[in-house]
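A.B. asks: Sharing a structure with you now.
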Amino acid sequence: MLTSFAEDIWIADGSDLSVLGFTYPTRCAVMRLAGDGLLVWSPIELNDDLKKQLKALGTVTHLVAPNMFHHMFLSEWQFAFPTAQLFGLQALHAKRPDLRFDGVLTDGPDPSWDAQIDQVVIENKLTDEVVFFHRASKTVIFTDLIQQFPRGFHKGWRSVVARLDLMVGETPNVPRKFRLGFWNKAKAKTSISKVLDWPVARVLLAHGAPVTINGHAVLKRSFAWLIV
Numbered sequence: 004m005l006t007s008f009a010e011d012i013w014i015a016d017g018s019d020l021s022v023l024g025f026t027y028p029t030r031c032a033v034m035r036l037a038g039d040g041l042l043v044w045s046p047i048e049l050n051d052d053l054k055k056q057l058k059a060l061g062t063v064t065h066l067v068a069p070n071m072f073h074h075m076f077l078s079e080w081q082f083a084f085p086t087a088q089l090f091g092l093q094a095l096h097a098k099r100p101d102l103r104f105d106g107v108l109t110d111g112p113d114p115s116w117d118a119q120i121d122q123v124v125i126e127n128k129l130t131d132e133v134v135f136f137h138r139a140s141k142t143v144i145f146t147d148l149i150q151q152f153p154r155g156f157h158k159g160w161r162s163v164v165a166r167l168d169l170m171v172g173e174t175p176n177v178p179r180k181f182r183l184g185f186w187n188k189a190k191a192k193t194s195i196s197k198v199l200d201w202p203v204a205r206v207l208l209a210h211g212a213p214v215t216i217n218g219h220a221v222l223k224r225s226f227a228w229l230i231v
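Each residue of the sequence shown is one higher than the last, beginning at 4 in our numbering.
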């Protein structure tokens, strides 16, 4: 079910996915573009109720896969919204030849959402990720590079691994596996510095509770290990 997150941005939580034995919740964000077009970030499993809510908001014009992992439900979205343009990293185009891609995500916004949504590509060995900034709501959007699972979410040995990986905590954090994936720390620091230059008020995560206050301070603390 879509719920309002801030000005011109909504979120919806979907079904859980299992990845390497770990359960991950899914979440998408919907941002209104000029002219009542809708950009859907990290599409989740589609159902009739979500379709109806989207139709009431406007027209789905853009679908965005923000990294190499969040692409599981794109085919059903393309079927449901055949005129929507699909954007993803260049490597994802090769990984999913079954999909019709209309554009490549880079460090600069596509003209369709320029001056409305900013973005930067953060390179990582596990997956490059495009971090977005929704100007109207001052919301920065992370996919997997920052996570925050509540204590008790994982069971058994998985809870130990999750805790040691820094997936679990009171505030969002960068998991250890992604920290190790920053093979070029100087470049990563430059990219994160661009994110911290945005006037962030809120932080939206695919895997974690949204941050609605002091977003910039939360981000700075999450990446303190890198930007010192």
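For glycine and all other residues, C-beta sits at the position ideal for the given N, C-alpha and C. Nothing here was measured: the structure is a model prediction, and the numbers come from that model.
For chain B, check one thing: does any of its Cβ atoms lie closer than 9 Å to the Cβ of Ala32?
C.D. replies: Among the protein chains of the structure shown there is no chain B, as only one such chain exists.
A.B. asks: In chain order, which beta strand (DSSP E) runs of at least 3 residues are fully inside the segment 174 to 211?
C.D. replies: Listed in chain order, the complete beta strand (DSSP E) runs (minimum 3 residues) inside the segment 174 to 211 are 205 to 208.
A.B. asks: Using the beta-carbon count (16 or more within 10 Å), is Ser7 buried or exposed?
C.D. replies: Answer is exposed; the Cβ neighbour count stays below 16.
A.B. asks: Between which residues of its own chain and Gly17 is the CB-CB distance below 6 Å, once the five residues before and five after are set aside?
C.D. replies: Only Thr29, Ile47, Glu48 meet the Cβ criterion.
A.B. asks: Could you give the DSSP three-state label for Gly40: helix, strand or coil?
C.D. replies: Note: Gly40 maps to strand in three-state DSSP.
A.B. asks: What is the DSSP secondary structure of Leu53, counted as helix, strand or coil?
C.D. replies: Leu53: helix per DSSP, three-state reduction.
A.B. asks: With a threshold of 16 other CB atoms inside 10 Å of the CB of Trp44, please say whether the residue is buried or exposed.
C.D. replies: By the 10 Å Cβ count, Trp44 comes out buried.
A.B. asks: Using the three-state DSSP reduction, which class does Val231 fall into: helix, strand or coil?
C.D. replies: Val231: coil per DSSP, three-state reduction.
A.B. asks: Please list, in chain order, all residues of the same chain as Trp186 whose beta carbon is under 7 Å from its beta carbon, the five residues on each side excluded.
C.D. replies: Counting only Cβ-Cβ distances below 7 Å, and skipping sequence neighbours, we find Lys128.
A.B. asks: Check whether the Cβ atoms of Gln81 and Leu89 lie closer than 9 Å to each other.
C.D. replies: Yes; because the gap between Cβ atoms is below 9 Å, this pair is in contact.
A.B. asks: Just to confirm, is the Cβ distance from Val134 to Ser194 under 9 Å?
C.D. replies: The answer is yes: Cβ separation under 9 Å.
A.B. asks: Could you pull the start and end residues of the beta strand (DSSP E) that Leu89 belongs to?
C.D. replies: Counting along the chain, the beta strand (DSSP E) containing Leu89 begins and ends at 88 to 91.
A.B. asks: My assumption, with CB atoms under 8 Å, is that Val206 sits in contact with Phe145. Please give the rounded CB distance.
C.D. replies: Confirmed, Cβ separation roughly 7 Å.
A.B. asks: Kindly give me the distance between the Cβ atoms of Val177 and Ile149, rounded to whole angstroms, as I take these residues to be in contact under 8 Å.
C.D. replies: At roughly 6 Å, the Cβ-Cβ gap stays under 8 Å, so Val177 and Ile149 are in contact.
A.B. asks: Quick one, are the C-beta atoms of Leu53 and Ala87 less than 9 Å apart?
C.D. replies: Contact: no.
A.B. asks: Apart from the five residues just before and just after Pro112, which ones in its own chain have a Cβ nearer than 7 Å to its Cβ?
C.D. replies: Correct list, in chain order: Ile120, Asp121, Gln122.
A.B. asks: What ranges does the beta strand (DSSP E) occupy inside the segment 116 to 179, keeping only unbroken runs of at least 3 residues that lie completely in it?
C.D. replies: Fully enclosed beta strand (DSSP E) runs of 3 or longer: 120 to 125, 132 to 137, 142 to 145.
A.B. asks: At the level of alpha carbons, what is the spacing between Lys180 and His74?
C.D. replies: Each residue's Cα considered, the two are about 21 Å apart.
A.B. asks: If Trp228 and Arg166 are in contact, beta carbons under 8 Å, what's the gap, nearest whole angstrom?
C.D. replies: Contact doesn't hold; Cβ gap of about 17 Å is too wide.
A.B. asks: Can you give the Cα-Cα distance for Lys188 and Ser225, rounded to whole angstroms?
C.D. replies: Approximately 15 Å between the Cα atoms of the pair.
A.B. asks: Taking all protein chains shown into account, do 16 or more other C-beta atoms lie within 10 angstroms of the C-beta of Ile230, making it buried, or fewer, making it exposed?
C.D. replies: Classification of Ile230: exposed, given that the 10 Å Cβ count is below 16.
A.B. asks: Asp110: which of Asn217, Lys190, Ala9, Gly218 sits nearest, CA to CA?
C.D. replies: Nearest C-alpha to Asp110: Lys190.
A.B. asks: Check whether the Cβ atoms of Ala139 and Ala9 lie closer than 9 Å to each other.
C.D. replies: Their beta carbons are under 9 Å apart, which means Ala139 touches Ala9 by this criterion.
A.B. asks: Identify the residues that DSSP records as bridge partners of Thr6: which are they?
C.D. replies: DSSP lists Ile14 as partners of Thr6.
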